[in-house]
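**Q**
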Amino acid sequence: MRLFVAFEIGPPLRDAMAALRGSLGGVRWTEPETYHLTLRFIGEVRERARQEEIHHALAAIRAPSCLLVPEGPGLFAHGEGRDTLWIGIARTDALMHLQRKIDTALTRAGIAIADRRKFIPHVTIGTLPRQFPETTPPAAQSTTHSTALSAWMARWGATPLPPLEAAQFTLYRSVRGAGQPVYVPLADYDFGQ
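Residue numbering for the sequence shown follows this note's numbering, beginning at 7 and increasing consecutively.
(1) So LEU45 and ALA12 are supposed to be a Cβ contact under 8 Å. How far apart are they, rounded?
(2) I need the straight-line Cα distance from PRO38 to ALA193, nearest angstrom please.
(3) Which ranges does the alpha helix (DSSP H) cover as unbroken runs of at least 4 residues, wholly within the segment 10-97, from first to last along the chain?
(4) Can the beta-carbon of LEU73 be found closer than 9 Å to that of LEU155?
(5) Using only alpha-carbon positions, find the residue among GLN186, GLY185, GLY49 and TYR178 that is nearest to TYR195.
(6) Please go through the same chain and pick out, in chain order, the residues whose beta-carbon is closer than 7 Å to the beta-carbon of TYR189, but skip the five residues on each side of it.
(7) Give me the DSSP bridge partner(s) of LEU170.
(8) Given a cut-off of 9 Å on the beta-carbon distance, is the pair ARG34 and GLY132 in contact?
(9) So what does DSSP say about SER180, is it helix, strand or coil?
(10) Compare the C-alpha of THR90 against each of ALA100, VAL51, ALA25 and PRO79 and name the closest.
(11) Check PRO143 in the structure and name its three-state DSSP category.
(12) Could you check where the alpha helix (DSSP H) with ALA111 kicks off and where it finishes?
(13) Assuming ILE67 and LEU9 form a contact by the criterion Cβ under 8 Å, report the distance between their Cβ atoms to the nearest whole angstrom.
(14) Just to confirm, is the Cβ distance from GLU14 to PRO169 under 9 Å?
(15) Let me confirm a value: PRO76 is counted as buried when at least 16 other C-beta atoms fall within 10 Å, else exposed. Which label applies?
(16) Given GLU171, which residues of its chain have a CB within under 7 Å of its CB, disregarding the five upstream and five downstream residues?
(17) Tell whether a beta-carbon distance below 9 Å holds between ILE117 and ARG54.
(18) GLU50: which of TRP92, ARG182, GLN186 and ARG161 sits nearest, CA to CA?
(19) Considering only their Cβ atoms, is the gap separating GLY198 from ALA69 smaller than 9 Å?
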């Protein structure tokens, strides 16, 4: 099973993010039902005993609840293929504390962390081709995206989105198939003090 730990993004923030769909051409928009903020990607875990260890490690975490505060759009440029369009979430003390606690709990349980990149809190809202369709003519294209994308990011960066009080985090299984992945919740963990 391909596992990760995340916050589900519910209303009203999910609805506000979903309102961005279709506001920029050429984007493959993420389905709002799958919006989430990944706290830790774990990776492939086949053994049932390891899955149980992950569950017990996460269940033991005690942390204050987190207010998820949107900060505006951003873009992860992946070089080849498609780039990731996202809404950033503020790196509040509570969010960063919880993310570190998750990493510590998993490490103490002997779970190897597959992805050690710096934690950048964000919610993926879509992907777009590296050579965005509304760019300048092919002879003048560069590695940057179009002025339409820049204008879109400036517009939505100046538009406030509602915060979301996160009362629990979830262990998910990611199932890949044709089209977008399906995220199956396996267990929810309430914040304990």
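Just so it is clear, CB atoms sit at the ideal spot from N, CA and C, and this is done for glycine as well.
Here the structure is a predicted model, which means the values were calculated and not measured.
**A** Based on what the coordinates show:
(1) 6 Å
(2) 20 Å
(3) 19-24 and 54-65
(4) no
(5) TYR178
(6) THR40, HIS42, TYR178 and SER180
(7) LEU74
(8) yes
(9) strand
(10) PRO79
(11) Low confidence applies to PRO143: its pLDDT is 40, below 50, so where it sits in the model is not reliable enough to give any reading.
(12) 99-114
(13) No, ILE67 and LEU9 are not in contact; Cβ-Cβ is about 16 Å, not under 8 Å.
(14) no
(15) buried
(16) SER71 and LEU73
(17) no
(18) ARG182
(19) yes
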